[in-house]
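Engineer: Protein chains in written order, with our numbering: chain A, 601 to 985; chain B, -9 to 136. Here's a structure for you.
Below is the structure:
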């Protein structure tokens, strides 16, 4: 709680003391930032930012520096503080870009992974109607997209007078992915049945399902088409690479097979009504396949009051092993409704209610069996400048 | 659960109260350009593309340099709805997305009509908007066709 209040104070000071966007700085330096905080409470399982006892400790804040020291060259650096069970500081992105033209730009460093609608703006809460992203594709345990990749790539934009426009990204490098494997915890429980755990082991056990793996020698791309219908765009993304598993628990580091991920997206935004939908398919050789999708809609009812609704779904199938005793660990379905108030484009209060089925992302918090239905209520704020 | 329900109701109440507050008065504006620009009229769509940096040049090949202003919320809202066809909040969201994805920074913002006029007078290819009562000495007024 103390960390949370501290972060909120720091973030508020950032907003109040920040220079006016773009012009208080010089023409060559732009400083922006954003922050989020949300309280979450569930009826049992741990899900996103919520727990049975209520959880205040979920928030983050970031500062972005965009500099143009010489013509055609842009430097982008974003650092962030994240507050969850621990407080961590990290470099979100750090890259340079050279523009040969609008249609051809080269960037290299730690860049955003261009995939789908939300990876470019992963943590910017003022650019989405819910405090959380759709978990099936963007959740921490989904293992589908990363916030950044270490590598380089090309990108460009073409816009026609007719209203058609095309944006493309091509990239290569490596990404760190975190995926949750709740079915592994299930088997570990079976193996250890009857064993006595001390409190620390129990706590570690219930959250022991997140696994890191690195995708190396990856290359991918994204193509987004803006249509003459104002606000409507469609696109497709894909990437592939070789999986390398990090050491975790009793498992040694190991090489895996190849991974192929592709997705489709559509977005309509007329400034009042916003509709977004994506579908993703991931195939990790000799491990699993994932299908995930969501549909999200929001509408500005009156002045700053906004209503939102989202359906988020994910289904995993394993190449080896079975989970007949608890198939819910492979399933995820989240119906969410939200009500937000936008004081202005830089500050929003969000409340949402989620009904979740499945345990792909909703983890049990202790003993007492696996509850495959979860209810989450979340309330928080998002701000940016 | 009761705490969260209370938060929900409070949020809605705050929203309803604030929404009832006086809405920004509509304000009329005019678009001004540097005298180097050989254009007397432009469509709202073309002007929108310049301000959103989807078009970076005028028809004669001169680099376009749009400038935004923070002087009047009503003026900015009127310009946004009249040229972009969207509320200013939506345009702000667009620029947030561009900035935080490292793709583009928005046009510079200055603090009122006088600073807009100074900017436009001094930069070749510059274009901005001012209140309809502002003096247009040293700049050209651009007709915007909707």
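Don't be surprised by glycine CBs; every beta carbon is placed ideally from N, CA and C. This structure is a prediction, so every number in the text was calculated from the model and none was measured.
#1: Since residue 726 of chain A meets chain B, which of its residues come closer than 7 Å, beta carbon to beta carbon?
#2: Have a look at residue 976 of chain A and residue 970 of chain A and give me their C-alpha separation to the nearest angstrom.
#3: On a CA-only basis, which of A:731, A:709, A:768, A:725 is nearest residue 650 of chain A? Give me that one, please.
#4: Starting from the beta carbon of residue 910 of chain A, find every residue of chain B whose beta carbon is closer than 9 Å, and list them in chain order.
#5: Looking at the strands, I want to know which residues DSSP matches up with residue 745 of chain A.
#6: What separation, rounded to the nearest whole angstrom, lies between the Cα atoms of residue 961 of chain A and residue 894 of chain A?
#7: In the DSSP output, what is residue 56 of chain B paired with across the bridge?
#8: Give me the chain A residues within the contact set of residue 102 of chain B, using Cβ-Cβ distance strictly less than 9 Å, ordered along the chain.
#9: Ends of the beta strand (DSSP E) at residue 945 of chain A?
#10: Closer than 7 Å, Cβ to Cβ, to anything on chain A: give me those residues from the stretch 61 to 81 of chain B, in chain order.
#11: With 9 Å as the limit, tell me which residues of the stretch 645 to 677 of chain A have their beta carbon closer than that to any beta carbon of chain B; keep them in chain order.
#12: Do three or more CB pairs link the stretch 811 to 820 of chain A to the stretch 692 to 709 of chain A at distances below 8 Å?
#13: Does any residue of chain B bring its CB to less than 7 Å from the CB of residue 769 of chain A?
#14: Pull up the distance between the alpha-carbon of residue 648 of chain A and that of residue 719 of chain A, whole angstroms please.
#15: Return the chain-ordered list of same chain residues with a C-beta closer than 6 Å to the C-beta of residue 904 of chain A, the five sequence neighbours on each side being excluded.
#16: Please name the residue, chosen from B:136, B:96, B:107, that lies closest to residue 40 of chain B on a Cα-to-Cα basis.
#17: Grouping DSSP H, G and I as helix and E and B as strand, with all else coil, what is residue 707 of chain A?
#18: By Cβ distance below 7 Å, which residues in the same chain neighbour residue 16 of chain B in space, the five residues on each side in sequence not counted?
#19: In three-state terms, what does DSSP make of residue 970 of chain A?
#20: Please list, in chain order, the chain B residues whose beta carbon lies closer than 8 Å to that of residue 827 of chain A.
#21: Starting from residue 683 of chain A, find everything on chain B with Cβ-Cβ shorter than 9 Å and list it in chain order.
#22: CA-CA distance, residue 933 of chain A and residue 958 of chain A?
#23: Please check if any C-beta of chain A sits within less than 7 Å of the C-beta of residue 135 of chain B.
#24: Tell me, please, whether the CB atom of residue 974 of chain A is closer than 7 Å to any CB atom in chain B?
#25: Could you check what DSSP says for residue 733 of chain A in three-state terms: helix, strand or coil?
#26: So, at 6 Å on beta carbons, what are the nonlocal neighbours of residue 842 of chain A in its own chain, with the 5 sequence-adjacent residues on each side left out?
#27: Given the structure, does residue 60 of chain B come close to the ligand FAD, in the sense that its CB is under 6 Å from one of the ligand's heavy atoms?
#28: My output table needs one value for residue 32 of chain B: the three-state DSSP class, helix, strand or coil.
#29: Just to make sure I have the definition right: I need the residues of chain A whose C-beta is within less than 7 Å of the C-beta of residue 83 of chain B. Which are they?
#30: Does the beta carbon of residue 984 of chain A come closer than 7 Å to any beta carbon on chain B?
#31: If you run the structure through DSSP and keep just helix, strand and coil, what is residue 654 of chain A?
Structural biologist: Reading off the structure:
#1: As a working note, residue 726 of chain A is residue 126 in the first chain. Here the neighbours are 86.
#2: For the purposes of this step, residue 976 of chain A is taken as the residue at position 376 of the first chain. For the purposes of this step, residue 970 of chain A is taken as the residue at position 370 of the first chain. Going by the C-alpha atoms only, they are around 16 Å apart.
#3: By 1-based counting over the first chain, the position of residue 650 of chain A is 50. Minimum Cα distance to residue 650 of chain A is reached at A:731.
#4: Counted from its first residue, the first chain places residue 910 of chain A at position 310. Correct list: empty, because the minimum Cβ distance to chain B is about 17 Å.
#5: Working through the first chain from its first residue, we reach residue 745 of chain A at position 145. Paired residue(s): none; residue 745 of chain A is not in a bridge.
#6: Translated into positions along the first chain, residue 961 of chain A becomes position 361. Translated into positions along the first chain, residue 894 of chain A becomes position 294. Looking at the two C-alpha atoms, the distance is approximately 15 Å.
#7: The sequence position of residue 56 of chain B within the second chain is 66, counting from 1. Beta-bridge pairing links residue 56 of chain B to B:117.
#8: On the second chain, position 112 is the one that residue 102 of chain B refers to. Within 9 Å Cβ-Cβ: nothing; residue 102 of chain B doesn't reach chain A, min ~12 Å.
#9: Position 345 of the first chain holds residue 945 of chain A. Note, residue 945 of chain A: premise wrong, no beta strand (DSSP E); not H, not E.
#10: 75, 76, 77, 79, 80
#11: 654, 662, 664, 666, 668, 674, 676
#12: no
#13: Translated into positions along the first chain, residue 769 of chain A becomes position 169. No, no contact with chain B.
#14: For the purposes of this step, residue 648 of chain A is taken as the residue at position 48 of the first chain. For the purposes of this step, residue 719 of chain A is taken as the residue at position 119 of the first chain. C-alpha separation (whole angstroms): 18 Å.
#15: Residue numbering aside, residue 904 of chain A sits at position 304 when the first chain is read from its first letter. 941, 942.
#16: If you number the second chain from 1, residue 40 of chain B lands on position 50. That would be B:96, whose Cα lies nearest to the Cα of residue 40 of chain B.
#17: Walking along the first chain from the start, residue 707 of chain A turns up at place 107. Residue 707 of chain A: strand per DSSP, three-state reduction.
#18: The residue given as residue 16 of chain B occupies position 26 in the second chain. Only weak support exists for where residue 16 of chain B lies, its pLDDT of 48 falling under 50; the value from the coordinates is given anyway. These residues qualify, in order along the chain: 64, 68.
#19: Mapped onto the first chain, residue 970 of chain A falls at position 370. In the structure shown, residue 970 of chain A sits in coil (DSSP, three-state: anything other than H, G, I, E or B).
#20: Against the first chain, residue 827 of chain A aligns to sequence position 227. Result: empty, since nearest Cβ-Cβ is about 14 Å, beyond 8 Å.
#21: One-based indexing of the first chain puts residue 683 of chain A at position 83. Those do not exist, as residue 683 of chain A stays about 20 Å from chain B at its closest Cβ, beyond 9 Å.
#22: Position 333 of the first chain holds residue 933 of chain A. Position 358 of the first chain holds residue 958 of chain A. Using only the alpha carbons, I get a separation of about 6 Å.
#23: Indexing the second chain from 1 puts residue 135 of chain B at position 145. Chain A, which has no Cβ nearer than 7 Å to the Cβ of residue 135 of chain B, makes this no.
#24: Along the first chain, one-based indexing puts residue 974 of chain A at 374. No, because no Cβ of chain B sits closer than 7 Å to the Cβ of residue 974 of chain A.
#25: The count along the first chain starts at 1 and reaches residue 733 of chain A at position 133. Three-state result, residue 733 of chain A: coil.
#26: Against the first chain, residue 842 of chain A aligns to sequence position 242. If we look at residue 842 of chain A and ignore the five residues flanking it on each side, its Cβ neighbours are 816, 817, 858.
#27: The ligand FAD is not part of the structure shown, which contains no ligands of any sort.
#28: Reading the second chain from its first residue, position 42 is the one you call residue 32 of chain B. Note: residue 32 of chain B maps to strand in three-state DSSP.
#29: As a position in the second chain, residue 83 of chain B is number 93, starting the count at 1. Those within 7 Å of residue 83 of chain B in chain A are 727, 945.
#30: Your numbering for residue 984 of chain A matches position 384 in the first chain. Yes, contact with chain B.
#31: Within the first chain, numbered from 1, the residue matching residue 654 of chain A stands at position 54. Three-state DSSP puts residue 654 of chain A in coil, outside helix and strand.
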